[in-house]
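Protein chains in written order, with the numbering used here: chain A, 86 to 275; chain B, 86 to 275.
Here is the structure we will look at, set down as structure tokens.
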DNA sequence: GCGTTTGCCTAAAAGCTTTAGGCAAATTAG
DNA sequence: CTAATTTGCCTAAAGCTTTTAGGCAAACGC
């Protein structure tokens, strides 16, 4: 039996695809071995354990998302930028539900710090440059945007807004309008 | 060996506690059996399978959350009601992280329809009676509130806003102020 | 008390995770 | 170009979780 050419990278990539197909929590070392038509134990030379695999998939997803974000934000500002980044998250989650779920994995602090996580925070902060907010309001706004993006996307993905009128695209548009209005007119403390 | 007095209800309740202690995804039929000092197979008379157990814990959490919501909303309106319901979600998630995670479980449509889910939608809609919104804006606003509550709580719980100033309580207050302002001044279409 | 139901048990099969040790293919060195 | 070394995938095995099947004794209903 020849060699298949496993590498950590190929495993992680295949794991991400598997996640999109069957759900992130169904991504198992066994399933991945099956996909490469290889014995399970063989994967353990490339990946420390199941947790390591999950973490690597999460890191990949975070990176991909940040790359898309950077691309979308280039040359945009204000509401244009807001909409562009918001759509990046929403579209990514719809195209890659498993990867998006992976990106939600709780990472330990050092791993999180070394991940693309900070890039995401920076992107959101960049959007706010188009609005007139100073600290600490800017941080509050960063957190609000993160909450809405993540909350909306995960509720929509989970079927939380299921099959009721009006359609979710319309809601998404109106929510972004509302956020834009809110950021342009951020209420002062008290 | 006498009988321990297992019932579906006791199992579900213990499962919920276990979830809060070790995380919802660590709630396993085996772990639950261990907790009752009983053989694993014994649980299968009270619970169909692992999925059934998870679903029941999720339903319990949704119910508890809705009960707290009803209590909090009684006699309140406007921003008062908004804050009260928002705090119910946030406090519940902090007190019962495992149950809160369970409440996020994707239920199949019939189960979801029979769950306390609809009560949650009704509660959010009730809050909006204090603001001047008509359909379809009301639905958009319901979805926005759901997104913010869920998004904020799950990011905070997951450590997304970790240890950076300003503190999360301050942000939470300001976000609710902002939502109140936004609802009082919902931007018209276009 | 007697029969029936019910509750917890043992047994067993099947799948996932992880470690240890082996052999052969690929790579490097002389 | 062979020899030594590294590397990649393998077999074997132990441990854990899930789930089903069948058994025995405690609890309950009359």
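Think of the CB as a built atom: it goes at the ideal place given N, C-alpha and C, for glycine as much as any other residue.
Given the structure is predicted, the values throughout are model-derived calculations rather than measurements.
Residue 168/B and residue 261/B do touch by the CB rule: their CB atoms are close to 5 Å apart, below 8 Å. Residues of the same chain with a CB within less than 7 Å of the CB of residue 176/B, apart from the 5 flanking positions on each side, do not exist.
For the pair residue 188/A and residue 156/A, the CB atoms are not nearer than the 8 Å cut-off. Contact check for residue 89/A and residue 132/A: beta-carbon distance about 15 Å, past the 8 Å limit, so the pair fails to qualify.
The alpha carbon of residue 201/B has as its nearest neighbour, out of 143/B, 139/B and 266/B, the alpha carbon of 143/B. Around the beta-carbon of residue 105/A, 16 or more other beta-carbon atoms lie within 10 Å, marking it buried.
For residue 114/B, same chain residues with a beta-carbon under 7 Å away, outside a window of 5 residues either side, are 125, 128, 135 and 138 in chain order.
Listed in chain order, the alpha helix (DSSP H) elements of length 4 or more contained wholly in the segment 123-163 of chain A are 135-158. Around the Cβ of residue 194/B, a 10 Å sphere holds fewer than 16 other Cβ atoms; the residue is exposed.
For residue 264/A, the closest of 226/A, 242/A, 238/A and 253/A by C-alpha to C-alpha distance is 226/A. Residue 186/A carries a helical assignment under DSSP once its states are collapsed to helix, strand and coil. Of the candidates 107/A, 256/A, 87/A and 271/A, 107/A places its Cα closest to the Cα of residue 181/A.
Here residue 255/A carries a helix assignment [DSSP, helix/strand/coil].
Between residue 99/B and residue 117/B, the CB-CB gap stays under 8 Å. Taking the C-beta atoms as reference points, residue 246/A is found no nearer than 8 Å to residue 191/B. At least one CB atom of chain A sits nearer than 8 Å to the CB of residue 260/B.
With its beta carbon at least 8 Å from every one in chain A, residue 182/B lies outside the interface.
For residue 153/B, not one C-beta of chain A is nearer than 8 Å to its own C-beta.
Against chain B, the beta carbon of residue 263/A has neighbours under 7 Å at 229, 267, 271 and 272, listed in chain order. For the segment 213-226 of chain A, the beta-carbon criterion of a distance under 9 Å to any beta-carbon of chain B is satisfied by 220, 221, 222, 224, 225 and 226. Between residue 266/B and residue 272/A, the C-beta spacing is below 8 Å. Closest by C-alpha distance to residue 257/A, out of 270/A, 91/A and 242/A, is 242/A. Among the residues facing chain B, residue 113/A is not included, as its CB has no counterpart in that chain under 8 Å away. Counting of Cβ neighbours within 10 angstroms places residue 214/A among the exposed residues, the total staying below 16. Here residue 92/B is exposed. Its C-beta has fewer than 16 other C-beta atoms within 10 Å. In the displayed model, residue 168/A falls within a helix according to three-state DSSP. Contact with chain B is found for residue 232/A, since one of that chain's Cβ atoms lies less than 8 Å from the residue's Cβ. Neighbours of residue 243/A in chain B, taken as residues at a C-beta separation under 8 Å, are given in chain order as 189 and 191.
The C-beta of residue 95/B has fewer than 16 other C-beta atoms within 10 Å across all chains shown, which makes the residue exposed.
For residue 240/A, the nearest CB of chain B lies under 8 Å from its own CB, placing it at the interface with that chain. Cβ-Cβ distances below 8 Å link residue 275/A to nothing in the same chain once the five nearest sequence neighbours on each side are left out. For the 8 Å CB-CB criterion, residue 170/A and residue 208/A form a contact.
Not a single C-beta of chain B is nearer than 8 Å to the C-beta of residue 121/A.
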